[in-house]
């Protein structure tokens, strides 16, 4: 059979990785896909640099629309990132009946509903394995591997940059700022690291996973997001004393008549496999009602791990593109006419356990006041610890682990605690999940 | 659309789990599959028992062939196990153009080449996610999720029974016999546990994974198999002193002009995630050249985890059965005309590191003799430890970890060591893999 012909939009990290894999494993990939997959054109920003990278093997230009429109391009691979012009280019490809592969999580989280509706109308495939957790085939697992299950919850380490920072803070006792600087030196964090460290990137990916797991639209605008920039090495140490590690988790969970969609630092028991996923690695823990807990682990970013997922999507499209569109795997796991509009639970109604750190004057009665405030709101205490923070200080640190309670009750309790004369600093509060899968 | 109609061969653990899931999650599954999936008939051994379980909802009988032949059965689900009549029934379904889902690893490992050839000829799907690692969607990951990669090696804990036994031996210091008896009491091991504890079941599953990973035929007859019945709690403790755990691993690896296919107890560094997979849980570590290391973890057996994979296959078939057979995902990941006949490397040519335990007379010169024998065969020592095994004994235990060497050299060295007058018992030798992914 003739080769299937690919146009790349972007030849940076992900684009370069995709290109390299298609070249290096060409034969192996063709043995799987049933025909060769050729990159015929790429749109790039820096022509000279791109030419040095790929030589004369493919057509290069700066006009992305021209690649989308090219009659010899069967599949458009969007790896430029950002919202525009990526959105318009993908919609243009769809309108022309061309299949699309993309790694653009921000775009899908924000405009996925529109893009998949257009793709469905036009009968083309839009594949996006690389958008979540890099090389881990988690989209395929959720969309196809676990279709028997009512998915109960997902908890994922889905941002490698923040996981690297947290790992360094724990291993070296480094401050957040120092660990971030190291991540930037190593190329794991960008000059403006906001998306990674504030949980926004993780919320994009979580939004996509929730849509597939629960059969709901993309609801990024309702995601709760809290990053790691406020964490201290001190809290990581205290957590360790209780047998916990702190990870930035993206969590979605069915709850009552809706579902939770939240990204925040989370204490998890150190014996859980996912607590031991370190450095830039990613892992996603999925609990289904039939299968029980499952874990998917691998590289969450980087040229070739991302390229691995892009190329897997290309093979999927190549293998199945002749199928009638009604008998393909649905883009978002559920049939488009069977999506439900389960609401996202506001964070104030979410139930979790908590780690609290109070800085207090070292005098009697403080603990009595604090436990009364918690008790009045039916927040029960699982463990408590009192520590002299550093030599010379007149204050003490009181660390409390609570049982599960509703966020609103905890917010109220913290306000009351902070109003106590004996409490000398804002209360540090980090959510805690036992993930007893 | 009309429901798709399923005939079950077997309504035991896996069949019952499949039935329960299809009933309980009927609506959720239909939202994914695009139509309902109904069990219309089942062939069982004990009619009265089956009737008590499923009531009057479906047709029950003892004649499996009648279920295969029934005009209202679109998909045949084989969950009876064993070679015959399962093989003939599956071939009969294929001949009638019916799609098949099976969890029968022994059958596929032994007769998969025949079955998939027939299925290809007839243009029907034979799906088998449940045959390997229970609820973990590892077949899909290898066949579709990692298609970009040249798979370098796979190492899996793919037998829950033996993993449970090893976990109890480590946690309680129990003997193999006691841990096996406990597994039998809990229903994790059968009255005749041979397949599980001697690595045969794991070799079946490994054979299937190797076929998909490397694009080779099923080669079960060349698999090397060594079980856990010879392991002692003593060796598990010594391994721990060096920072290792012992797991029964199924390993396949590209090597030179062939590939390795072997199941045996293996020391692995305790810091690896897979070393912390305990009890009846399964995990498969896959290394691809593009993605790097990935790990897939979950329940390896049980009614609903197995049913989870069976139903996922049913959804796959339902979603894609109208596709022209040349544009489906190939059964074994590679196109049937692109399978290669890479040979299985004999175990004597396999290279691993080793754990050795020698019981020796406590007198000078023993270590010199042993290290000379190893050195003569270029086997280098990574660590050595000498221990008084128990009070009152006149012998010492010498534990040696070696660097990687070819098995044949090690076999020769061990024979020489055992011939020494100062060595009073057979040498215990367990392979060691660092899995530095």
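Protein chains in written order, with the working numbering: chain A, 42 to 478; chain B, 42 to 478.
Note that CB positions come from ideal geometry on N, CA and C, so glycine has one too.
Can you find the residues in the same chain that come closer than 7 Å, C-beta to C-beta, to residue i, ignoring five residues on each side of it along the sequence?
i	result
residue 414 of chain B	454, 457 and 458
residue 128 of chain B	148 and 152
residue 381 of chain B	256 and 257
residue 111 of chain B	48 and 82
Contact check, residue i vs residue j under 8 Å by CB: the rounded distance?
i	j	result
residue 192 of chain A	residue 255 of chain A	7 Å
residue 307 of chain A	residue 288 of chain A	6 Å
residue 372 of chain A	residue 160 of chain A	6 Å
residue 230 of chain A	residue 202 of chain A	5 Å
residue 323 of chain A	residue 174 of chain A	5 Å
residue 53 of chain B	residue 333 of chain A	About 19 Å separates the two Cβ atoms, so there is no contact after all.
residue 331 of chain B	residue 62 of chain A	5 Å
Which residue wins for smallest C-alpha separation from residue i, given the options the options?
i	options	result
residue 469 of chain B	B:350, B:279, B:103 and B:155	B:279
residue 355 of chain A	A:95, A:82, A:116 and A:104	A:116
residue 444 of chain A	A:438, A:182, A:361 and A:392	A:392
residue 326 of chain B	A:329, A:410, A:100 and A:336	A:336
residue 99 of chain B	B:187, B:114 and B:106	B:114
residue 105 of chain A	A:125, A:90 and A:96	A:125
residue 177 of chain B	A:171, A:185 and A:173	A:185
residue 282 of chain B	B:147, B:129, B:154 and B:396	B:396
residue 154 of chain A	A:53, A:463 and A:258	A:258
residue 217 of chain A	A:226, A:225, A:206 and A:227	A:206
residue 417 of chain A	A:382, A:450 and A:300	A:450
residue 242 of chain A	A:232, A:224 and A:268	A:268
residue 400 of chain B	B:439, B:47, B:433 and B:390	B:439
residue 404 of chain B	B:389, B:429 and B:420	B:429
residue 349 of chain B	A:448, A:389, A:139 and A:188	A:188
residue 359 of chain A	A:235, A:412, A:75 and A:59	A:75
residue 461 of chain A	A:407, A:433, A:427 and A:476	A:407
residue 209 of chain A	A:433, A:298 and A:320	A:320
residue 299 of chain B	B:390, B:190 and B:67	B:390
residue 295 of chain A	A:270, A:285, A:311 and A:329	A:329
With a threshold of 8 Å on Cβ separation, who are the neighbours of residue i within its own chain once the five nearest residues in sequence on each side are excluded?
i	result
residue 260 of chain A	248, 251, 252, 302 and 385
residue 474 of chain A	196, 290, 292, 307, 308, 309, 393 and 394
residue 91 of chain B	52, 83, 85 and 101
residue 369 of chain A	166 and 361
residue 315 of chain A	196, 198, 288, 309, 324, 326, 336 and 476
To which residues of the same chain is residue i closer than 6 Å at the C-beta, ignoring the five residues directly before and after it?
i	result
residue 143 of chain A	119 and 169
residue 425 of chain B	441
residue 56 of chain A	49 and 120
residue 366 of chain B	164
residue 402 of chain B	463
residue 446 of chain A	420
residue 244 of chain B	264, 266 and 304
residue 58 of chain A	344, 345, 347 and 348
residue 71 of chain B	77
residue 211 of chain A	277
With a threshold of 7 Å, establish whether the CB of residue i neighbours any heavy atom of the ligand COA.
i	result
residue 467 of chain A	Annotation note on the ligand COA: not contained in the displayed structure, which lists no ligands.
Using a Cβ-Cβ cut-off of less than 8 Å, list which residues of the region 182-200 of chain B approach chain A; keep chain order. Taking 8 Å as the Cβ-Cβ cut-off, the region 182-200 of chain B approaches chain A at 182, 185, 186, 187, 188, 189, 190 and 191, given in chain order.
Members of the region 325-342 of chain A that neighbour chain B once the beta carbon cut-off is set at 8 Å:
329, 330, 331, 332, 333, 334, 335, 336, 337, 338, 339 and 340
*Against chain A: residues of the region 345-359 of chain B by CB proximity under 7 Å*: If the cut-off is 7 Å between Cβ atoms, the region 345-359 of chain B has 345, 346, 348, 349, 352, 353, 356 and 357 near chain A.
What are the complete beta strand (DSSP E) segments, minimum 3 residues, inside the region 431-455 of chain A? Qualifying beta strand (DSSP E) stretches, in chain order: 436-443.
* Asked: Taking any Cβ of chain B, which residues in the region 300-319 of chain A have a Cβ under 7 Å from it, in chain order?
  -> 314 and 317
Please name the residues in the region 239-271 of chain B whose beta-carbon is closer than 8 Å to at least one beta-carbon of chain A, in chain order.
256
Near-chain A residues of the region 163-182 of chain B - C-beta to any C-beta below 7 Å: 176, 177, 178, 181 and 182
Selection of the region 122-154 of chain A by Cβ proximity to chain B, strictly under 8 Å:
Within the region 122-154 of chain A, no residue qualifies.
Inside the region 186-224 of chain A only - alpha helix (DSSP H) runs reaching at least 4 residues: When DSSP assignments are scanned along the region 186-224 of chain A, the uninterrupted stretches of alpha helix (DSSP H) that are 4 or more residues long and fall wholly within it turn out to be 201-213.
query: Hey, which unbroken runs of the alpha helix (DSSP H) at 4 residues or more fall wholly within the region 64-143 of chain A?
result: 67-74, 88-95, 105-110 and 127-136
**Study point:** Residues of the region 285-301 of chain B with Cβ closer than 9 Å to any Cβ of chain A, in chain order
**Key:** none
**Report entry** chain A contacts made by the region 359-373 of chain B, where a contact means CB separation under 8 Å
**Finding:** Going along the region 359-373 of chain B in chain order, one finds 360, 361, 362, 363, 364, 365, 367, 368, 369, 370 and 371 with a Cβ nearer than 8 Å to chain A.
Practice problem: Give, in chain order, every residue of the region 439-459 of chain B whose Cβ lies closer than 7 Å to some Cβ of chain A. | Solution: none
Q | Residues of the region 50-72 of chain A whose Cβ lies closer than 7 Å to any Cβ of chain C, in chain order | A | The displayed structure is made up of protein chains A and B, and chain C is not among them.
Of all the beta strand (DSSP E) runs that stay within the bounds of the region 350-422 of chain B, which reach a length of 3 or more residues? Listed in chain order, the complete beta strand (DSSP E) runs (minimum 3 residues) inside the region 350-422 of chain B are 392-402.
* Check each residue of the region 404-430 of chain A: if its Cβ is closer than 7 Å to any Cβ of chain B, include it; give the result in chain order. => none
- Going along the region 75-89 of chain B in order, which residues come within less than 7 Å of chain A, judged by CB to CB distance? 75
Can you give, in chain order, each stretch of the alpha helix (DSSP H) that sits fully within the region 255-306 of chain A and has at least 4 residues? 274-282
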